[in-house]
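J.: Submitted below is the structure of interest, expressed as structure tokens.
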Amino acid sequence: MTPGTQTQFATVNGIRLAYYDWQGERGPLVCIHSITGHKGTFTALAEQLAPQYRVVALDLRGRCDSDKPESGYGFAYHARDIIAFADAMGFEKFTLVGHSFGATASVYTAALHPSRVSSLVLLDGGADPKHETLKAMYPTVKRLSKTYQSLDEYIKGQRAITYHKPWTQALERYVSEEMQTDGVISTKSSPTAIEHDLDMHFWDNVWYYLTSLKCPALYLRPKDGLLGNTGHVYSDAEAAKLAEQIPNCRYEIVSGGNHYTFVIQDEPPVSPFIKKFLAEQYA
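Numbering-wise, the numbering used here puts 76 at position 76 of the sequence shown, and it's gapless, one number per residue.
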């Protein structure tokens with residue numbers, strides 16, 4: 001277990017939220033994962049940023065080690081949880097680092113609570129994908145209900161996925177953490193909760209909030225798609241539009257990984273860009 005990756009809990013809005021906490025001098029940075037992700041998304045990145053920065057990575061409700069209530073999904077509830085979590089931790093102002101769905105939740109939170117969020121780091125997210133992209137995610141969520149005879153069987157299947165190449169220690173740690181290993185091997189996260197968030201996604205329009213953001217933002221997009229040159233969350237035009245809509249946004253294209261692996265990698269390619277941005281924000 002690396003420093004920071006001991007699971008801790010905060011009780012907010014009647015539920016327990018799990019988090020990792022890497023201590024550091026500046027910040028704090030509150031990290032929000034993708035729709036099917038968990039706090040372990042940010043372990044390798046946190047190891048690059050701490051102890052210069054305090055990095056706190058959260059499991060959203062319904063995910064991994066956090067509680068899984070039957071209701072309370074969609075960006076409004078997640079934003080409410082994020083602010084309540086910051087209150088519980090004593091964070092008056094903080095940077096939000098969001099990946100994919102977590103980036104979009106971060107935009108929503110920052111737009112509604114401009115006095116609390118000092119800056120934003122958006123990792124291939126920040127606004128709603130096309131409905132076709134959202135619909136394509138339902139089969140993936142359904143597969144989360146699958147069980148396995150052993151953790152090795154699960155890891156072997158994950159290693160075979162096209163967009164998990166090259167396989168790294170960081171990826172193996174990430175996929176191992178998302179599974180519960182008591183008896184039958186199954187995901188810790190609730191597929192029902194994730195499906196609720198997907199359902200709610202069709203009713204949201206976070207694009208609307210981009211122009212109202214008050215804080216500086218860094219938007220990072222991977223050069224590689226999930227299928228090499230294709231399979232991006234946003235088209236080139238959509239990505240450029242996202243960055244243009246935010247009043248004070250730096251847009252960078254990052255080589256060396258795709259939607260997942262430019263964050264979840266032994267030395268995440270996003271790290272130098274984030275370090276440079278944070279150095280300016282916390283000068």
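All C-beta atoms, glycine included, are put in the ideal place defined by N, C-alpha and C.
Note that the coordinates shown come from a computational prediction; the quantities given were computed from them, not determined experimentally.
1. In the DSSP assignment, find the alpha helix (DSSP H) that holds arginine 173 and state where it starts and stops.
2. Compute the Euclidean distance between the alpha carbons of lysine 89 and asparagine 13, then round it to the nearest angstrom.
3. Using DSSP with H/G/I as helix, E/B as strand and the rest coil, what is tyrosine 104?
4. Expressed to the nearest angstrom, what Euclidean distance is found between the alpha-carbon atoms of valine 254 and threonine 181?
5. Helix or strand or just coil, what does DSSP make of glycine 40?
6. Between leucine 198 and the rest of its own chain, which residues show a CB-CB distance below 8 Å, the 5 nearest in sequence each way excluded?
7. Given this structure, state the Cα-to-Cα distance separating valine 117 from glutamine 149, to the nearest angstrom.
8. Using the rule of at least 16 other Cβ atoms within 10 Å of the residue's Cβ for burial, across every protein chain shown, is histidine 131 buried or exposed?
9. From what residue to what residue does the beta strand (DSSP E) around serine 189 run?
10. In the stretch 91-158, which residue ranges form an unbroken alpha helix (DSSP H) of at least 4 residues, counting only runs that do not cross its ends?
11. Figure out for me which residue from Val107, Asp59, Gly62 and His113 has the closest Cα to the Cα of leucine 120.
12. Please report the straight-line C-alpha distance between glycine 40 and tyrosine 282, rounded to a whole angstrom.
13. Name the residue from Ile82, His99 and Gly98 whose alpha carbon lies nearest to the alpha carbon of phenylalanine 91.
14. Between aspartate 59 and aspartate 124, what straight-line distance do the alpha-carbon atoms span, to the nearest angstrom?
15. Between the stretch 221-240 and the stretch 185-193, can you find at least three pairs of beta-carbon atoms closer than 8 Å?
16. Please state whether the Cβ-Cβ distance between alanine 57 and phenylalanine 42 is less than 8 Å.
17. State the Cα-Cα distance for the pair histidine 359 and alanine 160, rounded to the nearest angstrom.
T.: By the coordinates alone:
1. 169-177
2. Before going further, note that residue 89 is methionine rather than lysine in the sequence given. Their Cα atoms are separated by approximately 14 Å.
3. Rather than tyrosine, the amino acid found at residue 104 in this sequence is threonine. Three-state DSSP puts threonine 104 in a helix.
4. 35 Å
5. helix
6. Ile35, Leu134, Met137, Tyr138 and Val141
7. 44 Å
8. Classification of histidine 131: exposed, given that the 10 Å Cβ count is below 16.
9. Per DSSP, serine 189 belongs to no beta strand (DSSP E) and is neither H nor E.
10. List check, alpha helix (DSSP H) in window: 101-112, 131-135 and 138-143.
11. Val107
12. 25 Å
13. Ile82
14. A straight-line Cα-Cα distance of about 19 Å links aspartate 59 and aspartate 124.
15. With the cut-off at 8 Å, the stretch 185-193 and the stretch 221-240 do not touch.
16. Yes, the pair counts as a contact, with Cβ atoms nearer than the cut-off.
17. No answer is possible for residue 359: it lies beyond the span of the chain, which begins at 1 and ends at 283.
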